[in-house]
Amino acid sequence: MNVEYTGRHYEITPNVRKELETGLNKIRKILGDKFETKVVLAVEKRRHKAEITITPRNGPIVGLAQAADMLSAVNEALDHLHRQALKYKTKWLSKKRKAVKKFNGEGDQESIEAVVGLAESTAVSLTVHKFPAVAKTTEVHLVHSKDSVALRPMTLEEAIKEAHFRDRDVFVFRDPKGRVMVLHRTREGKMELIEAP
842 MNVEYTGRHY EITPNVRKEL ETGLNKIRKI LGDKFETKVV LAVEKRRHKA
892 EITITPRNGP IVGLAQAADM LSAVNEALDH LHRQALKYKT KWLSKKRKAV
942 KKFNGEGDQE SIEAVVGLAE STAVSLTVHK FPAVAKTTEV HLVHSKDSVA
992 LRPMTLEEAI KEAHFRDRDV FVFRDPKGRV MVLHRTREGK MELIEAP
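In our numbering, the protein residues as written are 842 to 1038.
Structure, rendered in structure tokens:
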């Protein structure tokens, strides 16, 4: 964990630095070692401001505080950052748990004997797993949106700009030749082009 200190109209004292390091060690136990830390301590007209920014994998987390003295501002910023880190970690774990569901071999099973060849002495036991014929689906929620459809033919570049401007994940348009095209924004933020037959 690298920590970059910046003092604006303030000289960072060893007492404040020690308090920051103990607070950041608590956050490191939650998020691990793989993040950068930037600490900005500033004094403006008798107000002491502390801004601590850490950058884990999925975006920065910022702790801001303002108090009459620097030590209490640092403690408030660290508390705020600690709450944000816990929220970040639980959100990350819940997404991970939902995404990973592996088949563990349990469930409906049926054992049968299959004969291989002409003689019954070559029987082999098999285990057959039964799965539901139709997967359970949730109720479909339809929303009619006229913002996701272009009314005039447009080029691909125009359609991409229009989809970004309208902030749509799916955008339907016709190209200048009259073919129906669909732009789809993936979870990674990339745009996919689907050509309708």
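For glycine and all other residues, C-beta sits at the position ideal for the given N, C-alpha and C. Keep in mind it's a predicted model, so treat the numbers as computed, not measured.
Practice item. Look at the Cβ atom of His921, then the Cβ atom of Gly904, and state whether they are nearer than 8 Å. Key: The sequence position of residue 921 within the sequence shown is 80, counting from 1. The sequence position of residue 904 within the sequence shown is 63, counting from 1. The answer is yes: Cβ separation under 8 Å.
Review point. Helix, strand or coil for Thr847 per DSSP?
Key: Taking the sequence shown and counting its residues from 1, one reaches residue 847 at position 6. The three-state reading of DSSP puts Thr847 in strand, counting E and B together.
Exercise for review: Just the C-alpha distance for Leu919 and Pro994, rounded to the nearest angstrom, thanks.
Suggested key: For this step, residue 919 is matched to residue 78 along the sequence shown. For this step, residue 994 is matched to residue 153 along the sequence shown. Taking the straight line from one Cα to the other gives about 54 Å.
Check your understanding: Ends of the alpha helix (DSSP H) at Arg888?
Key -> Translated into positions along the sequence shown, residue 888 becomes position 47. Looking at the DSSP string, Arg888 is not in any alpha helix (DSSP H); the run it does join, the beta strand (DSSP E), is Arg888 to Thr896.
**Study point:** C-beta contact flag for Val1021 and Val1011 at 8 Å
**Key:** The sequence position of residue 1021 within the sequence shown is 180, counting from 1. The sequence position of residue 1011 within the sequence shown is 170, counting from 1. No. Outside cutoff.
**Study point:** DSSP three-state assignment for Ile853, whether helix, strand or coil
**Key:** What you label residue 853 is simply residue 12 of the sequence shown in a count that begins at 1. In the structure shown, Ile853 sits in coil (DSSP, three-state: anything other than H, G, I, E or B).
Check your understanding: At what residues does the beta strand (DSSP E) containing Arg1015 begin and finish?
Key -> To locate residue 1015, count along the sequence shown from 1; it is residue 174. Counting along the chain, the beta strand (DSSP E) containing Arg1015 begins and ends at Val1011 to Arg1015.
Point to revise | Candidates Gly848, Thr894, Ala883 and His850: closest to Gly864 by CA position | key: Counting from 1 along the sequence shown, the entry for residue 864 is found at position 23. The residue with the shortest Cα to Cα distance from Gly864 is Thr894.
Exercise for review: Pull up the distance between the alpha-carbon of Gly946 and that of Asn866, whole angstroms please.
Suggested key: Sequence index remark: in the sequence shown, residue 946 carries index 105 (1-based). Sequence index remark: in the sequence shown, residue 866 carries index 25 (1-based). Residue confidence is low: Gly946 scores 47 on pLDDT, short of 50, so the model does not pin down where it sits. Its coordinate-derived value is still stated next. Answer to the nearest angstrom: the Cα atoms are 41 Å apart.
Exercise for review: Identify every residue that forms a DSSP beta bridge with Glu1036.
Suggested key: Indexing the sequence shown from 1 puts residue 1036 at position 195. Partner residues in the beta bridge of Glu1036, as assigned by DSSP, are Met1022.
Practice item. Report buried or exposed for Leu861, applying the criterion of at least 16 other Cβ atoms within 10 angstroms of its Cβ. Key: Looking up residue 861 in the sequence shown gives position 20. Leu861 comes out buried.
Exercise for review: Assuming Thr847 and Val881 form a contact by the criterion Cβ under 8 Å, report the distance between their Cβ atoms to the nearest whole angstrom.
Suggested key: Here residue 847 corresponds to residue number 6 of the sequence shown, with the count starting at 1. Here residue 881 corresponds to residue number 40 of the sequence shown, with the count starting at 1. About 5 Å separates the two Cβ atoms, so the contact holds.
Exercise for review: Note down the Cα distance separating Thr896 from Met911, rounded to an integer number of angstroms.
Suggested key: As a position in the sequence shown, residue 896 is number 55, starting the count at 1. As a position in the sequence shown, residue 911 is number 70, starting the count at 1. Near 23 Å, if we compare the C-alpha coordinates of Met911 and Thr896.
**Study point:** Sub-8 Å separation of Ala926 and Ile853 beta-carbons
**Key:** The residue given as residue 926 occupies position 85 in the sequence shown. The residue given as residue 853 occupies position 12 in the sequence shown. No, these two residues do not count as a Cβ contact at 8 Å.
Practice item. Could you give the DSSP three-state label for Gly1030: helix, strand or coil? Key: Locating residue 1030 in the sequence shown gives position 189, counting from the first residue. Coil, per DSSP.
Check your understanding: What three-state label does DSSP hand Lys879 in the structure shown?
Key -> Within the sequence shown, numbered from 1, the residue matching residue 879 stands at position 38. In the displayed model, Lys879 falls within a strand according to three-state DSSP.
**Study point:** Rounded C-alpha distance that separates Val1013 from Lys928
**Key:** On the sequence shown, residue 1013 is found 172 positions in, with the first residue counted as 1. On the sequence shown, residue 928 is found 87 positions in, with the first residue counted as 1. Spanning the two alpha carbons is a distance of roughly 37 Å.
Practice item. Following the continuous alpha helix (DSSP H) through Leu997, name the residue where it begins and the one where it ends. Key: On the sequence shown, position 156 is the one that residue 997 refers to. Leu997 -> alpha helix (DSSP H) spans Leu997 to Arg1007.
Exercise for review: Tell whether a beta-carbon distance below 8 Å holds between Leu992 and Leu1034.
Suggested key: The residue labelled residue 992 in the question sits at position 151 within the sequence shown. The residue labelled residue 1034 in the question sits at position 193 within the sequence shown. Leu992 places its beta carbon 8 Å or farther from that of Leu1034.
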